[in-house]
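Undergrad: Its first residue numbered 1, the sequence shown is counted upward by one per residue in the UniProt record's numbering. C-beta atoms are modelled at their ideal positions from N, C-alpha and C, and glycine is treated no differently. Only a predicted model underlies this, so the values are computations on that prediction, with no experimental measurement involved. Here's a structure for you.
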Amino acid sequence: MIATEAPEIADVRAVAADFFARHRISLDDDGSPRYERDQWRRACNDLGVAAILEPEDDGGLEGGAAMLAAVLVEAGRSLSPLPLMSSAVLAQTALRLVADHGARLELLEGLVTGQVVATLAPWEVSLSAVTAAEEEGRGWLLDGSLSRVIDGGLADLTLVLAPVVDGVGLFALAASDAQSWQEQRAVDLTRTFARVDLERAPARLLGVRPREVLEDLAHWRALALVSDQLGGAEACLDTTLDYLRTRVQFGRVLGSFQALKHQCADLALVVDDIRSALAHLVWALDESPADVPSAAAIATVAGSDGFVTCAEEMVHLHGGIGFTWEHDAHRYVRRALTDRGAFHDVRAAREALLVARGL
C-alpha cells in the first residue's frame with residue numbers, strides 16, 4: 001500500500017508543527033507542573049486537538065485517524081507534555097465507546113474546550129484490581145488500587161473501567177476523601193503518573209458495554225502512541241543529522257565519515273518503517289476495520305522498537321554531549337522507554353499479529 005497524504009491533512013500537520021514549535025514547554029525536572037492549563041486550552045481552541053475524533057453532530061471535527069495522527073506526530077516531535085494522550089485520546093475515546101450518549105454529552109463541552117482535563121486509568125490494571133458495587137442510597141462505590149495513571153492527580157476527571165454484570169462499566173470518580181493519590185516517579189520527565197487507592201469511593205456509572213469494546217480502545221491507544229513514537233524518532237534523526245553536518249572532529253565534518261553515514265542511513269530506514277506502519281494503521285482505522293488488529297500490532301512493534309533505537313543512537317552519535325543533562329537526547333530516550341514499557345506490550349503485539357495472520 002502506498003499512502004499519499006491528503007492536502008487538508010498536510011495543512012493540519014503544518015499548523016500543528018507551527019503551534020508546537022511556537023509553544024515549546026520547559027522540560028526541566030524541577031518539580032513544577034508539566035504544563036499550564038492556558039497552554040492546554042490554547043491547544044484545544046487553536047488546534048481543536050480535543051475535537052478531532054468527536055462527531056460533527058456533537059460539535060467535533062470528525063477528522064478521523066489521519067488528522068489525529070498528523071497532530072500527535074508533531075506533538076511527539078517536541079516531547080509535548082500536554083494531556084493529549086490522557087484526555088483527548090484515552091478518556092474521550094472511552095467516553096465515545098462506552099458511555100451512554102447523554103452522559104457523554106454532559107462532559108464533552110468542557111473536554112473539547114480544554115476547561116476540563118480527564119484521564120483514564122489503565123484498564124489492564126483496573127479490570128482486575130478494582131471492584132464496583134452498587135449500594136442502595138449511596139450509588140456505585142469502587143474499591144481497589146490503581147498505578148501508572150497518566151496525569152493522575154492533576155486531571156479534573158478520572159475515568160475507570162471496572163467489571164460489572166453485563167460487561168465493562170465506565171465510571172467517573174467523584175471527588176471525595178475516599179481517594180488517596182500519590183505521584184509516582186517515572187523515567188519520562190515530560191509526563192506525570194500517579195497511584196490512587198480507592199476505599200468505597202463514590203463514582204458515577206456512565207455506561208456499560210461488552211468486553212470486546214476494549215479491543216477498539218486499545219487500537220486507538222496504539223494509534224496515539226505510534227504517532228508519538230514517529231514524531232520522536234523523526235526528531236532524533238533530524239537532530240543527529242544536523243549535529244553531524246556541523247560538528248568538526250579530526251579536521252573533518254563528522255558527517256563525512258562513511259561509518260557514520262551508514263548508521264544514519266540505518267536510522268532513516270527505521271524511521272521509514274515506523275512511518276509506513278503508522279500510515280497503514282491510519283488507513284485501517286479510517287477505511288478498513290477488518291485490517292485494524294493486524295495493523296495495530298505491526299505499528300506497535302515498529303514504533304516501540306524503532307523509537308528506542310533512534311533515541312539510543314542519538315545519544316551515541318552525539319558523543320560526549322549526548323550524555324549530558326543539558327542536551328535533549330536523554331529526554332527522548334526516557335520518552336521512548338516509557339512509551340514502550342508503560343503503554344505497549346510488544347510481546348503481546350507480536351502474538352496478536354500471529355493470531356491475526358492465522359499462524
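1. Based on the DSSP secondary-structure assignment, which residues constitute the bridge partners of PRO163?
2. Which partner residues does residue 372 have in the DSSP bridge list?
3. Can you name, in chain order, every residue of its own chain whose Cβ lies under 6 Å from the Cβ of TRP181, other than the five neighbours on each side?
4. Out of GLY137, SER176, THR131 and GLU183, which has the shortest C-alpha to C-alpha gap to ALA162?
5. How long is the line joining the alpha carbons of VAL355 and THR300, rounded to whole angstroms?
6. Look at the Cβ atom of LEU79, then the Cβ atom of ALA186, and state whether they are nearer than 9 Å.
7. Mind checking which residues open and close the beta strand (DSSP E) that includes PHE193?
8. For the alpha helix (DSSP H) that contains GLU313, what are its first and last residues?
9. What are the boundary residues of the alpha helix (DSSP H) that includes THR93?
10. Note down the Cα distance separating HIS262 from LEU142, rounded to an integer number of angstroms.
11. Would you mind giving the Cβ-Cβ distance between LEU241 and ARG247, rounded to the nearest angstrom? I have them listed as a contact below 8 Å.
12. Going by C-alpha distance, which of VAL73, TYR35, ASP286 and ALA302 is nearest ASP18?
13. Express the C-alpha separation of GLY341 and ASP272 in angstroms, rounding to a whole number.
14. Below 9 Å between beta carbons: does that hold for ALA172 and VAL160?
15. Which ranges would you report for the beta strand (DSSP E) in the segment 67 to 154 if only whole runs of at least 3 residues count?
16. Taking the straight line between their C-alpha atoms, what separation do you get for GLU109 and GLN249?
17. Using DSSP bridges, identify the partner residues of SER180.
18. Quick one: Cα of GLN4 to Cα of ALA66, how far?
19. What is the rounded straight-line gap between the Cα of LEU317 and the Cα of PHE257?
20. So what does DSSP say about residue 363, is it helix, strand or coil?
21. Less than 9 Å between the beta carbons of LEU281 and ILE298, yes or no?
22. Buried or exposed: where does ALA279 fall if 16 or more other Cβ atoms within 10 Å of its Cβ makes it buried?
23. According to DSSP, is THR240 part of a helix, a strand, or is it coil?
24. Is the beta carbon of LEU337 sitting closer than 9 Å to the one on VAL315?
25. Would you kindly work out how many angstroms separate the C-alpha atoms of ALA121 and ALA155, rounded to a whole number?
26. Which value, in whole angstroms, describes the spacing of the CA atoms of PHE20 and VAL12?
27. Kindly indicate which residue of CYS310, PRO83 and GLY102 has the alpha-carbon position closest to the one of ALA265.
28. How far does the alpha helix (DSSP H) with CYS264 in it extend, from its first residue to its last?
29. Across the segment 94 to 104 and the segment 197 to 214, are there enough close Cβ pairs to call them in contact, namely three or more that are closer than 8 Å?
TA: On the basis of the supplied data:
1. VAL168
2. The structure shown does not extend to residue 372, since the chain is modelled only from 1 to 359, so the question has no answer here.
3. GLY153, ALA194 and VAL196
4. THR131
5. 15 Å
6. no
7. 193 to 209
8. 292 to 317
9. 92 to 98
10. 55 Å
11. Not a contact, Cβ separation roughly 11 Å.
12. VAL73
13. 22 Å
14. yes
15. 118 to 120, 130 to 135 and 139 to 150
16. 56 Å
17. ASP197
18. In the sequence under discussion, the amino acid at residue 4 is Thr, which differs from the Gln named in the question. Going from the Cα of THR4 to the Cα of ALA66 covers about 11 Å.
19. 12 Å
20. Nothing can be reported for residue 363, as the shown portion of the chain is limited to 1 through 359.
21. yes
22. buried
23. helix
24. no
25. 11 Å
26. 12 Å
27. CYS310
28. 258 to 287
29. yes
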